[in-house]
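Per the UniProt record's numbering, residue 1 is the first one in the sequence shown, and the count goes up by one each step. Beta carbons: idealized from backbone N, C-alpha and C, even for Gly. All values reported here derive from a predicted model rather than from experimental measurement. Reviewing the structure listed below.
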Amino acid sequence: AATAATVTQDSLLNICMDAKHHKTEPGPEGQLYGQCVLWKDNACCTANTSQEAHEDQSYLYKFNWDHCGAMPQKCKRHFIQDTCLYECSPNLGPWIDQADNSWRKERIRDVPLCREDCEQWWEDCQDAVTCKANWHKGWNWTSGTNQCPQGAMCQKFKFVFPTAAALCEQIWSGSYLYTSHHRGSGRCIQMWFDPAQGNPNIAVSHYYA
1 AATAATVTQD
11 SLLNICMDAK
21 HHKTEPGPEG
31 QLYGQCVLWK
41 DNACCTANTS
51 QEAHEDQSYL
61 YKFNWDHCGA
71 MPQKCKRHFI
81 QDTCLYECSP
91 NLGPWIDQAD
101 NSWRKERIRD
111 VPLCREDCEQ
121 WWEDCQDAVT
131 CKANWHKGWN
141 WTSGTNQCPQ
151 GAMCQKFKFV
161 FPTAAALCEQ
171 IWSGSYLYTS
181 HHRGSGRCIQ
191 MWFDPAQGNP
201 NIAVSHYYA
């Protein structure tokens, strides 16, 4: 039984999910762009994907951050970082789940996000504006990019997401879980880290696998 457990554990570590733009397996990527550079030693994303992660309405998902007017840069950087983590991290294996979409076979669910990462995201996005709490579905895509559905009102994030937990858990339909664990605890995934100190998420994925 121990051997079977080890095999299962190994299959959750250092892997890329089967989604839209991910590589089949992780490896070094010397040219990762901007905020995605944290993963250059071992990444599930290509340099091209990392560059597109920074663009509005990029070819990755044609997603428009500015659907209710321009998103402030201090807020947008968190969404870029969230995209980099999702596209590039090889340490999300314990939270990979089957997806029922035409465009991807797997997704992440309940990734335990460090408290500070979630709260800073919420803090920096208080004055950004949106018309939806779940950004995965319910948009009007007729123009080729996401627009607010008819009758949906644009409001500040602080009204749409009254708490940091509401933002992190609802925006991508349960991809993240808000935790009370702190950065550096080894119990939660960090969206942001200092690559010179190594990637703290490796140990976290081992803990949960």
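Could you check what DSSP says for residue i in three-state terms: helix, strand or coil?
i    : result
R107 : strand
L85  : helix
Y176 : strand
D97  : strand
N42  : coil
G27  : strand
G69  : strand
P195 : helix
L12  : helix
Candidates the options: which alpha carbon is nearest residue i's?
i    : options                   : result
P200 : Y208, A209 and R183       : R183
E169 : G198, Y33 and H136        : H136
T163 : K62, A43 and W122         : W122
G144 : M71, T46, L60 and N14     : L60
Q126 : G138, K156, A165 and N101 : K156
N140 : H54, S11, Q73 and K62     : K62
Taking 6 Å as the limit between beta carbons, can you name the residues of its chain near residue i, skipping five residues before and five after?
i    : result
C154 : C68, V129 and C131
C44  : C16, H22, K23, P26, C88 and P90
H54  : G34 and I80
Is the distance from the Cβ of residue i to the Cβ of residue j below 7 Å?
i    : j    : result
Y208 : P94  : yes
N48  : P26  : no
I80  : Q35  : yes
M17  : E106 : yes
E52  : K40  : no
L38  : P195 : yes
C75  : D124 : yes
N134 : N64  : no
L167 : F159 : no
S50  : L32  : yes
R104 : K20  : yes
S185 : L13  : no
Excluding the 5 residues flanking residue i on each side, which residues of the same chain have their C-beta closer than 8 Å to its C-beta?
i    : result
H181 : P112, C114, R115, R187 and C188
D56  : N64, W65 and D66
Give me, in chain order, the residues of the same chain whose beta-carbon lies closer than 7 Å to that of residue i; leave out the 5 immediate sequence neighbours on both sides.
i           : result
G174        : R109 and D110
K85         : The sequence as given places Leu at residue 85; Lys does not occur at that position. Here the set comprises M191.
I96         : M17, E106 and I108
W172        : W135 and H136
D82         : M191
F193        : L38, N199 and P200
residue 255 : As displayed, the chain neither begins before 1 nor continues past 209, which places residue 255 out of reach and without an answer.
Give a yes or no on whether 7 Å exceeds the smallest Cβ distance from residue i to chain D.
i    : result
W192 : Looking for chain D here will not work: only one protein chain is present.
**Request:** Any chance you could list the beta strand (DSSP E) runs of at least 3 consecutive residues sitting entirely within the stretch 107 to 178, in chain order?
**Result:** 111 to 113 and 176 to 178
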